[in-house]
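For what it's worth, the numbering used here labels the leading residue of the sequence shown as 7, then goes sequentially.
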Amino acid sequence: MTTPQLGIPANSPGIDLGEAADVARCAELYRQLRQLLDSDANSVAIEAGRCRKVDAAGLQLLCSFRRKALGLGRSVVWISPPHESLLEAAALLDLDEALGLKRKAVHDGDDPRGR
């Protein structure tokens with residue numbers, strides 16, 4: 007089990023993405039996420055409340071992790087609402103549902119993507 011990190015309950019293994027989930031941090035995040043998959047935990051936690059810098063590589067890594075975790079019968083829990091930057095990037099790339107972050111409709115109840 008990983009060391010408890012900011013925002014992650016001590017009894018739940020998890021990862022704090024910190025301020026960035028981008029190509030520069032993908033190797034480091036991959037190692038941490040791999041450790042979570044190698045654990046025997048039934049659920050894993052992701053803290054992304056401070057994650058202001060995100061790119062397609064970071065989102066791809068998070069999507070792959072979530073898909074693999076769910077395939078292993080584990081749940082993936084977002085500890086607090088992810089930073090708006092992460093939510094916007096995920097929605098822009100249509101990955102919000104894949105990440106379990108489906109956003110509520112905005113502005114007069116209309117979803118700008120027609121959903």
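Beta carbons: idealized from backbone N, C-alpha and C, even for Gly.
Everything numeric in this text was worked out from a predicted model, so none of it was measured.
If distances are taken between C-alpha atoms only, which option among the options comes closest to residue i?
i   : options             : result
G77 : L43, R37, A30       : L43
A26 : P88, D102, Q41      : P88
C69 : P19, L35, A47       : L35
S91 : K59, E103, R72, D22 : K59
A33 : A75, L67, K108      : L67
R37 : A51, C57, F71       : F71
V50 : A75, K108, D28      : A75
Enumerate in chain order the residues of its own chain whose CB-to-CB distance from residue i is below 7 Å, with the five nearest sequence positions on each side excluded.
i   : result
L99 : A62, L65
R40 : none
G79 : none
Measure the C-alpha to C-alpha separation of residue i and residue j and round it to an integer number of angstroms.
i    : j   : result
D102 : N48 : 23 Å
R73  : W84 : 14 Å
G106 : A30 : 24 Å
D46  : S81 : 12 Å
D28  : A97 : 16 Å
L93  : C57 : 10 Å
A95  : G24 : 16 Å
Got a sec? Which residues, its chain only, sit under 6 Å from residue i by beta carbon, not counting five neighbours each side?
i    : result
A104 : C69
K108 : D102
Between residue i and the rest of its own chain, which residues show a CB-CB distance below 8 Å, the 5 nearest in sequence each way excluded?
i   : result
G55 : G13, I85, S86, P87, P88, H89
For residue i, count neighbouring Cβ atoms within 10 angstroms of its own Cβ and tell me buried if that reaches 16, exposed if not.
i   : result
G20 : buried
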